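Worksheet: one structure, shown below.
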Amino acid sequence: MLKEAKVVDAGGQGFVYFMEGALRMLPGRAPYTTAFPRRPVRRTTFTARQKVEEHRFCTEFVLATRSLSAQALRDLLASHGDSLIVAGGDGAFRVHIHTDYPQKVMELARAHGDVSRSKFDNMEEQHNVLVVDRESKPRGIVCVVPGDGFAKICKELGADVTVFGGATMNPSVKDLLVAVNKVLAPVVYLFPNDKNVIAAARAVQPLTDRTVVVVPTRSISDGIAALFGLLAEPADQTTDPERLLAQTTLVASGSVVRAGRDATFGGTSVKQGELMGAVDARDGKPESIIKGKDATAILLAMVREAGPEDVSLVTVYYGSVRKLKDAETLAQALQAAYPKTAVEVYYGGQTASDYVISIER
Numbered sequence: 001m002l003k004e005a006k007v008v009d010a011g012g013q014g015f016v017y018f019m020e021g022a023l024r025m026l027p028g029r030a031p032y033t034t035a036f037p038r039r040p041v042r043r044t045t046f047t048a049r050q051k052v053e054e055h056r057f058c059t060e061f062v063l064a065t066r067s068l069s070a071q072a073l074r075d076l077l078a079s080h081g082d083s084l085i086v087a088g089g090d091g092a093f094r095v096h097i098h099t100d101y102p103q104k105v106m107e108l109a110r111a112h113g114d115v116s117r118s119k120f121d122n123m124e125e126q127h128n129v130l131v132v133d134r135e136s137k138p139r140g141i142v143c144v145v146p147g148d149g150f151a152k153i154c155k156e157l158g159a160d161v162t163v164f165g166g167a168t169m170n171p172s173v174k175d176l177l178v179a180v181n182k183v184l185a186p187v188v189y190l191f192p193n194d195k196n197v198i199a200a201a202r203a204v205q206p207l208t209d210r211t212v213v214v215v216p217t218r219s220i221s222d223g224i225a226a227l228f229g230l231l232a233e234p235a236d237q238t239t240d241p242e243r244l245l246a247q248t249t250l251v252a253s254g255s256v257v258r259a260g261r262d263a264t265f266g267g268t269s270v271k272q273g274e275l276m277g278a279v280d281a282r283d284g285k286p287e288s289i290i291k292g293k294d295a296t297a298i299l300l301a302m303v304r305e306a307g308p309e310d311v312s313l314v315t316v317y318y319g320s321v322r323k324l325k326d327a328e329t330l331a332q333a334l335q336a337a338y339p340k341t342a343v344e345v346y347y348g349g350q351t352a353s354d355y356v357i358s359i360e361r
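Our numbering applies: residue 1 is where the sequence shown begins, and numbers increase by one.
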């Protein structure tokens with residue numbers, strides 16, 4: 001909860017950084033590891049704009065008294081708030097309490113002694129300053145994502161705001177406009193991450209005073225690859241979105257889904273409910289369908305068609321209908337078939353497909 005509220009204990013965080021630095025200098029350790037989610041993402045406790053319904057003032061003071069014991073002071077103040085702490089002794093007590101009436105609480109204490117070193121802070125305002133009213137920066141990022149795992153991944157790569165979208169739930173122009181206007185930056189890079197959202201993304205610019213740079217990513221795999229590229233670009237210079245796409249290491253991507261109906265596509269026929277691989281269009285190649293007895297066979301075929309001799313990394317993002325152990329079993333099969341290729345597994349949380357796969361050179 002402290003982490004979500006952006007009030008992480010500085011000493012504890014410093015110790016974590018110290019230990020990370022020591023560990024990363026050990027032989028055989030990777031120089032950088034991501035915090036991409038491996039398991040379903042825990043729902044956050046804090047909302048974007050936190051509303052503290054009651055007891056919103058964090059109140060602290062020191063009371064010098066000879067007429068009250070620590071327990072008597074607790075009994076006196078307990079009904080006026082929560083998170084009450086009374087510490088000390090020998091006639092001097094430090095008091096901490098969350099209350100709606102800080103002045104009243106201190107007056108009650110003052111009737112029994114001298115109050116000093118008093119302060120009270122509005123926790124709602126503190127949260128909004130720390131989390132919501134952030135300092136402006138030269139560049140902001142908005143990403144359309146198909147699942148909560150992908151939302152966390154995109155934020156790890158610098159996204160300020162994410163919008164849920166994808167198959168059968170494309171965001172509207174208004175949804176994208178609201179997301180863009182939430183970013184405290186004059187230039188906002190907008191990643192639609194779906195071929196059906198690109199047109200809506202391009203309609204945002206006339207409706208906002210921000211400069212909107214639409215990176216025409218046709219899939220979430222495209223978007224993540226382009227985000228890695230944007231991280232390497234100077235934040236105070238506008239980057240050509242087409243160049244971002246051209247410079248990615250992505251050679252193929254797609255998903256494993258169940259057919260919504262009987263269909264024939266590119267000469268391949270599938271039955272409703274049948275598991276199939278949907279390969280994204282890329283580098284002049286059209287979309288295609290791959291059939292297989294199970295998800296493992298389908299993904300092996302995807303890597304084989306991409307040309308495994310040129311592939312260095314395969315990333316598998318599993319959806320909400322799958323478990324981590326399913327994805328790890330699949331990854332083990334990929335690793336066994338292509339031992340020179342790195343295989344990584346993360347939680348995407350998408351509902352429209354079992355797996356999303358990204359294949360990179």
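Virtual Cβ for every residue (Gly too), placed ideally from N, Cα, C.
Please read these numbers as outputs of a predicted model, since none were measured by experiment.
Cα-Cα separation, residue i to residue j
| i | j | result |
| --- | --- | --- |
| Ser312 | Cys154 | 22 Å |
| Gln103 | Asp75 | 18 Å |
| Arg261 | Ser353 | 15 Å |
| Tyr17 | Gly348 | 27 Å |
| Asn181 | Thr239 | 20 Å |
| Gly273 | Ser253 | 22 Å |
| Ser67 | Gln13 | 42 Å |
| Ala159 | Phe15 | 27 Å |
| Arg49 | Val95 | The predicted position of Arg49 is uncertain, since its pLDDT is 49 and thus under 50; no value can be drawn from it. |
| His112 | Leu2 | 35 Å |
| Arg243 | Asn193 | 16 Å |
| Arg218 | Ala342 | 24 Å |
| Ser255 | Val7 | 39 Å |
| Thr65 | Ala87 | 13 Å |
| Asp133 | Asp100 | With a pLDDT of only 49 at Asp133, under the threshold of 50, the placement of this residue in the model should not be trusted, and no figure is reported. |
| Ala362 | Ala232 | Only positions 1 to 361 of the chain appear in this structure, which leaves residue 362 out of reach. |
Given residue i as reference, the closest of the options once Cα atoms are compared
| i | options | result |
| --- | --- | --- |
| Pro37 | Leu324, Thr341 and Ser116 | Leu324 |
| Val62 | Glu54, Gly229, Val142 and Ser116 | Ser116 |
| Val369 | Val161, Gly165 and Thr264 | Outside the modelled stretch of the chain, which goes from 1 to 361, sits residue 369, for which no answer is possible. |
| Gly284 | Ala246, Gly149, Ser67 and Val303 | Ala246 |
| Tyr189 | Ala225, Ile198, Ala167 and Cys143 | Cys143 |
| Ala278 | Ala167, Phe93 and Ala87 | Ala167 |
| Ala337 | Ala301, His55, Gln350 and Val215 | Ala301 |
| Pro241 | Val251, Thr315 and Ile141 | Ile141 |
Environment of residue i [buried if 16+ CB atoms lie within 10 Å]
| i | result |
| --- | --- |
| Pro186 | exposed |
| Ala22 | exposed |
| Asn196 | exposed |
| Asp222 | buried |
| Gly11 | exposed |
| Thr329 | exposed |
| Phe57 | buried |
| Val165 | Here the sequence assigns Gly to residue 165, which means Val is not the residue at that position. Gly165 is buried by the Cβ-count criterion. |
| Leu26 | exposed |
| Gly276 | First, the amino acid is wrong: residue 276 is Met here, not Gly. Result: buried. |
| Thr264 | exposed |
Chain B within 8 Å of residue i, Cβ atoms only
| i | result |
| --- | --- |
| Val356 | Protein chains in the displayed structure number just one, and chain B is not present. |
Any non-hydrogen atom of the ligand MG closer than 7 Å to residue i Cβ
| i | result |
| --- | --- |
| Asp310 | Annotation note on the ligand MG: not contained in the displayed structure, which lists no ligands. |
Whole-angstrom C-beta distance between residue j and residue i, which should lie under 8 Å
| i | j | result |
| --- | --- | --- |
| Pro146 | Ile220 | 6 Å |
| Val270 | Ala281 | Going by Cβ atoms, the distance from Val270 to Ala281 rounds to 18 Å, so no, they are not a contact pair. |
| Asn170 | Ala200 | 7 Å |
| Ile289 | Gly266 | 6 Å |
| Val251 | Asp310 | 7 Å |
**Request:** Examine the Cβ distances between the stretch 104-116 and the stretch 148-162 and report whether three or more of them are shorter than 8 Å.
**Result:** Contact fails between the stretch 104-116 and the stretch 148-162, because fewer than three Cβ pairs, one in each stretch, are under 8 Å apart.
**Request:** Please determine if the stretch 136-143 and the stretch 77-84 are in contact, where contact requires at least 3 C-beta pairs separated by less than 8 Å.
**Result:** No, the stretch 136-143 is not in contact with the stretch 77-84.
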